[in-house]
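Asks: In order, the protein sequences belong to chains V and B. So that you can map any letter, position 32 of the first sequence is 19 in this note's numbering, and since no number is skipped, the others follow by simple counting. So that you can map any letter, position 45 of the second sequence is 32 in this note's numbering, and since no number is skipped, the others follow by simple counting.
2 protein chains.
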Amino acid sequence: MKARIKITLKTGVLDPQGKAIQHALTGLGFAGINDVRQGKYIEVDLADTAEPAAREKVDRICKDLLANTVIENYSYELVP
Amino acid sequence: MKARIKITLKTGVLDPQGKAIQHALTGLGFAGINDVRQGKYIEVDLADTAEPAAREKVDRICKDLLANTVIENYSYELVP
Chain V
-12 MKARIKITLK
-2 TGVLDPQGKA
8 IQHALTGLGF
18 AGINDVRQGK
28 YIEVDLADTA
38 EPAAREKVDR
48 ICKDLLANTV
58 IENYSYELVP
Chain B
-12 MKARIKITLK
-2 TGVLDPQGKA
8 IQHALTGLGF
18 AGINDVRQGK
28 YIEVDLADTA
38 EPAAREKVDR
48 ICKDLLANTV
58 IENYSYELVP
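Given below as structure tokens:
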């Protein structure tokens, strides 16, 4: 079972990487870019096949290692 | 209109960041982690409201700036 995890900065948290991308896009001539936010995308391939167990494990993985829950949100989807 | 862009390394391209995460998870006591791949997640808020125009713009943004198409794949979804 695979978990596709998205980690994003919470609203209100400054995102200098996103701002740099936005600035670069404007510099490249792209118009109408209101905002850019950068996050992380992580795919974890789990040996577990039962969804409740996998869900519980991915939650713990996100909280313990991948996301800093003070400033970041995480969401994920499980695919077989 | 918002574009949610996922950029991932192509299969076969070495991913040391992913390997580091996998190693750290095993070290933390998580069992059954077969593989971890790290990518990027970028949200772009566009002024465009028409989907075909937005799609064309996001494709160009990905190819010109965000993704290195030699070693990375990108995919995205548009949300109103």
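By construction, the Cβ of each residue, glycine as well, lies at the ideal position given by its N, Cα and C atoms. In this text, all values refer to a predicted model and were calculated from it rather than measured experimentally.
Give the DSSP-derived three-state secondary structure of residue 57/B in the structure shown.
Replies: Position 70 of the second sequence, counted from the first residue, corresponds to residue 57/B. Residue 57/B falls in the coil class under three-state DSSP.
Asks: Quick check: the Cα distance between residue 9/B and residue 42/B, rounded to an integer number of angstroms?
Replies: Residue 9/B sits at position 22 when you count from the first residue of the second sequence. Residue 42/B sits at position 55 when you count from the first residue of the second sequence. Taking the straight line from one Cα to the other gives about 34 Å.
Asks: Do we get a CB-CB distance below 7 Å when we pair residue 28/B with the residues of chain V?
Replies: Counted from its first residue, the second sequence places residue 28/B at position 41. Closer than 7 Å: yes.
Asks: Is it right to say residue 46/B is buried, meaning 16 or more other beta carbons lie within 10 angstroms of its own, or is it exposed?
Replies: Within the second sequence, numbered from 1, the residue matching residue 46/B stands at position 59. So residue 46/B ends up on the exposed side.
Asks: For residue 62/V versus residue -7/V, is the C-beta spacing smaller than 7 Å?
Replies: Here the question's residue 62/V lines up with position 75 in the first sequence. Here the question's residue -7/V lines up with position 6 in the first sequence. Cβ atoms of residue 62/V and residue -7/V: closer than 7 Å.
Asks: Please state whether DSSP places residue -1/B in a helix, a strand or coil.
Replies: The sequence position of residue -1/B within the second sequence is 12, counting from 1. DSSP places residue -1/B in coil when its eight states are reduced to three.
Asks: Rounding to the nearest angstrom, what Cα-Cα distance links residue 25/B and residue 5/B in this structure?
Replies: Your numbering for residue 25/B matches position 38 in the second sequence. Your numbering for residue 5/B matches position 18 in the second sequence. Roughly 5 Å separates the two Cα atoms.
Asks: Closest to residue 20/V by CA distance: which of 66/B, 44/B, 21/B and 55/B is it?
Replies: As a position in the first sequence, residue 20/V is number 33, starting the count at 1. Among 66/B, 44/B, 21/B and 55/B, the Cα nearest to that of residue 20/V belongs to 44/B.
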